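Below: one structure, written as structure tokens.
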Amino acid sequence: MNKPLRRIAIFCGLLVLALLIRDNWLQYLQADSLRTDPKNRRVLIARYSTPRGDIIVDGNPITGSKKTSTDSLNDFAYKRTYKDGAMWAPVTGYASQAFGASQLEYLEDGILTGTDDRLFFRNTLNMLTGKQQQGGNVVTTLNGAAQKAAYDGLQQVGGKGAAVALNPQTGAILALASYPSYDPSTFAGNSTTTDSKAWTKLQKSNDPTDPTLNRALRETYPPGSTFKVVTAAAALENGLYNSADQQTNSPLPYTLPNTRTELKNEGSIPCKDATMRVALQYSCNTVFGKVGADLGKDKMLAEAKKFGFDSELFTPVRANASNFPEKMDQPQTALSSIGQFETAATPLQMAMVASAVANDGKLMKPYMVDKLQAPSLDVVSQTQPQQLSRPLSSKNAQILQSMMETVVTDGTGKNAQIPNVTVGGKTGTAQHGLNNSEKPYAWFISYAKLKDGSSPVAVAVVVEDNNANRDDISGGGLAAPIAKNVMEAVINSKK
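Residue numbers for the sequence shown follow my numbering, so the first one is 1 and each next one is one higher.
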């Protein structure tokens with residue numbers, strides 16, 4: 001072979017080798033990413049070629065799939081439907097042919113579409129037998145009655161807000177409500193007239209209500225006086241005070257350290273040298289502000305972190321990290337210890353605070369998926385309860401329980417009382433806006449304890465309402481009745 005031909009042969013051989021390498025790269029190394037690329041139309045067609053599996057609450061589906069008419073403009077055979085979509089949107093998220101998916105619909109898409117690797121053996125059998133691929137189910141921990149009580153309560157108040165209920169003993173999420181909300185059914189398809197219009201309407205950046213915001217997990221609010229439960233826990237755990245009825249060294253008026261600024265209480269309440277119980281009962285800013293300043297930022301920060309502050313949570317839906325500031329002087333530490341300054345918390349976080357106290361000091365990791373099921377209903381994955389931390393000893397938790405129970409029997413939380421049930425709680429009004437110029441947020445955190453000593457539910461409710469009063473009674477007046485209804489719903493569902 002002459003030299004020019006040899007060069008041409010070598011060059012052609014290199015081209016063939018490059019093609020083989022590229023082909024293998026695409027087939028084996030990039031196959032999965034190409035297969036799942038959202039721009040791959042075939043992926044979307046396959047996703048909606050069969051009915052999706054369902055998201056389950058109380059043994060019943062809250063989702064469904066609807067057969068659509070396929071034509072040249074629509075090659076998707078099925079679209080998602082939702083039962084009480086607005087009520088459940090903070091849990092399910094959405095699955096839209098045009099706009100993708102979110103929350104459980106996104107995170108568990110493999111199970112719901114039947115493409116999850118854990119269903120490989122079953123899918124292989126389906127291919128051999130010619131059976132249509134089916135989606136599995138996501139079984140949640142949610143309690144339908146509790147969710148309805150939470151959503152209806154927020155809707156009746158008419159403002160913005162959220163509510164979260166947990167099982168203190170396991171961490172299972174029993175209710176996760178956010179208001180206002182949206183119905184995922186309105187944009188589940190890909191119509192340029194109906195679905196696109198509904199989506200565009202929801203995406204308005206200037207809408208102050210923002211229905212798509214999951215306020216239960218993604219919004220952080222100043223927690224106001226509900227944070228005093230964390231401060232009380234820090235005082236007990238660090239030995240500053242050893243009992244609920246020990247008199248505190250709390251002057252009235254109390255001047256913030258290194259300043260001339262007096263920390264005010266709301267109204268004429270008995271806060272001078274009050275016991276811890278009385279201070280929580282009347283929500284004494286002076287007592288708990290001084291407790292925080294006396295303990296110092298390091299001890300307060302350590303206790304807040306034990307309750308879950310400053311850490312993102314995955315339920316498996318991501319929840320924003322709540323905040324207790326790390327850089328503070330003494331006056332700022334005092335303000336942070338009564339839920340002001342830069343302290344901020346999600347409703348989930350404050351439900352965790354109440355649940356840890358109710359569970360004798362053990363904080364369980366919150367979760368909302370009980371199990372994943374194959375199409376045959378075989379269990380693919382089961383969530384096991386997991387302890388997250390121990391913010392309180394059992395002894396100190398029981399002291400704090402007695403203090404929170406006094407808030408409900410004789411303090412600002414009387415609207416949460418339930419006949420024949422022991423309820424512990426804490427009201428709160430969170431100031432916000434420059435120089436407290438905006439209306440406050442009304443908070444209530446609580447737990448219910450049955451006669452056998454078990455605590456089946458802990459709740460946190462926050463309401464953003466323009467009619468809220470500027471005192472702790474607003475938490476008792478607006479948020480406590482919602483919490484009561486949620487707790488009753490959980491208790492009644494166990495009968």
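Glycine included, each C-beta is placed from N, C-alpha and C at the ideal position. Model, not experiment: these values are computed from the prediction.
(1) Rounded C-beta distance between A430 and G224? I'm assuming under 8 Å.
(2) Between I269 and the rest of its own chain, which residues show a CB-CB distance below 7 Å, the 5 nearest in sequence each way excluded?
(3) Excluding sequence positions up to five away, which residues of its chain have a Cβ less than 7 Å from the Cβ of P366?
(4) For the stretch 230 to 240 against the stretch 291 to 310, do three or more pairs of beta-carbon atoms, one drawn from each stretch, fall closer than 8 Å, so that the two count as touching?
(5) Closest by CA to Y82, which one among G93, A98, T63 and T68?
(6) Leaving aside the five residues before and after Y221 along the sequence, list all residues of the same chain whose C-beta is less than 7 Å from its C-beta, in chain order.
(7) Applying the 10 Å Cβ sphere with the 16-neighbour rule, what's the burial state of R52?
(8) As a quick exercise: from F227, L388 and V379, pick the residue whose alpha carbon is nearest that of Q169.
(9) Classify S336: buried if its beta carbon has 16 or more other beta carbons within 10 angstroms, exposed otherwise.
(10) Hey, T516 and M350 are a contact pair by Cβ (cut 8 Å); roughly how many whole angstroms apart?
(11) Among A480, D54, R80 and F341, which residue has its Cα nearest to the Cα of E326?
(12) With 16 as the cutoff for other CB atoms within 10 Å, does N143 come out buried or exposed?
(13) Span of the beta strand (DSSP E) holding E237?
(14) Please classify D472 as buried or exposed, where buried requires at least 16 other C-beta atoms within 10 Å of its C-beta.
(15) Use the C-beta contact count for A479: other C-beta atoms within 10 angstroms, 16 or more gives buried, fewer gives exposed.
(16) According to DSSP, is I473 part of a helix, a strand, or is it coil?
(17) Flag this pair as yes or no: are the beta carbons of V157 and L176 separated by less than 8 Å?
(18) Given a threshold of 16 other Cβ atoms within 10 Å of its Cβ, counted over all protein chains shown, does S72 qualify as buried or as exposed?
(19) Which same chain residues end up closer than 7 Å to N323 when comparing Cβ atoms and leaving out the 5 residues on each side of it in sequence?
(20) Would you mind giving the Cβ-Cβ distance between M404 and M276, rounded to the nearest angstrom? I have them listed as a contact below 8 Å.
(21) Verify whether the separation of the beta carbon atoms of Y48 and K67 is less than 8 Å.
(22) Can you list, in chain order, the residues of its chain with a C-beta nearer than 7 Å to that of L263? Leave out the 5 residues immediately preceding and following it.
(23) Sorry if obvious, but does the Cβ on D152 come closer than 7 Å to a heavy atom of the ligand NAP?
(24) I62 by DSSP, collapsed to three states: which one?
(25) Please confirm whether E464 and G159 have their CB atoms less than 8 Å apart.
(26) Output the distance between the C-alpha atoms of A448 and P481, rounded to the nearest integer angstrom.
(27) In terms of residues, what are the limits of the alpha helix (DSSP H) holding E488?
(28) Give the C-beta separation of L213 and V317 to the nearest angstrom, bearing in mind that I take them to be a contact with Cβ-Cβ under 8 Å.
(29) Rounded to whole angstroms, what's the CA-CA distance from A146 to V490? Just pull it up for me.
(30) Only counting the same chain, and skipping five residues up and downstream in sequence, which positions put a Cβ closer than 8 Å to that of V379?
(31) For F444, name the three-state secondary structure that DSSP assigns.
(32) Leaving aside the five residues before and after F99 along the sequence, list all residues of the same chain whose C-beta is less than 7 Å from its C-beta, in chain order.
(33) For the beta strand (DSSP E) that contains V462, what are its first and last residues?
(34) Would you kindly report the start and end of the unbroken beta strand (DSSP E) that includes D370?
(35) Taking all protein chains shown into account, do 16 or more other C-beta atoms lie within 10 angstroms of the C-beta of G96, making it buried, or fewer, making it exposed?
(36) By Cβ distance below 7 Å, which residues in the same chain neighbour A321 in space, the five residues on each side in sequence not counted?
Considering the structure as presented:
(1) 3 Å
(2) In the same chain as I269, and ignoring 5 residues on each side of it, the C-beta atoms closer than 7 Å to its own belong to Y282 and C284, in chain order.
(3) L166, G171, I173, L313, T315, L348 and M352
(4) yes
(5) Selected option, being the one with the closest Cα: T63.
(6) A344, A345, A430, Y441 and V462
(7) R52 is buried by the Cβ-count criterion.
(8) L388
(9) buried
(10) Since the first and last residues shown for the chain are 1 and 495, residue 516 lies out of range.
(11) Nearest C-alpha to E326 among A480, D54, R80 and F341: F341.
(12) Buried, because 16 or more other Cβ atoms sit within 10 Å of the Cβ of N143.
(13) Careful: E237 lies outside any beta strand (DSSP E), inside the alpha helix (DSSP H) at K228 to E237.
(14) In this prediction, D472 scores a pLDDT of 45, lower than 50, which makes its location untrustworthy; no coordinate-derived value is stated.
(15) buried
(16) Reliability of the predicted coordinates at I473 is poor, the pLDDT of 43 falling under 50, and the value obtained from them is presented with this limitation in mind. Helix at I473.
(17) With respect to the 8 Å criterion, V157 and L176 are not classified as neighbours on the basis of their beta carbons.
(18) At S72 the pLDDT is 49, less than 50, meaning the model places this residue with poor confidence and gives no usable figure here.
(19) T220, F309, D310, E342, T343 and A344
(20) Not confirmed; about 11 Å, so no contact.
(21) no
(22) Y254, L256, N285, T286, G289 and A334
(23) The ligand content of the structure shown is nil, which means the ligand NAP is not present either.
(24) coil
(25) yes
(26) 13 Å
(27) Note, E488: alpha helix (DSSP H), A480 to S493.
(28) Actually they do not touch by this definition, with Cβ atoms about 13 Å apart.
(29) 6 Å
(30) K371, L372 and Q373
(31) strand
(32) For F99, where only same-chain residues beyond five positions count, the Cβ hits under 7 Å are F187 and W199.
(33) It spans V457 to E464 - the beta strand (DSSP E) in which V462 sits, taken as one unbroken run.
(34) V369 to Q373
(35) Reading the sequence as shown, one finds Ser at residue 96 and not Gly. When all chains shown are included, S96 counts as buried.
(36) Taken in chain order, the residues that qualify are D310, S311 and E312.
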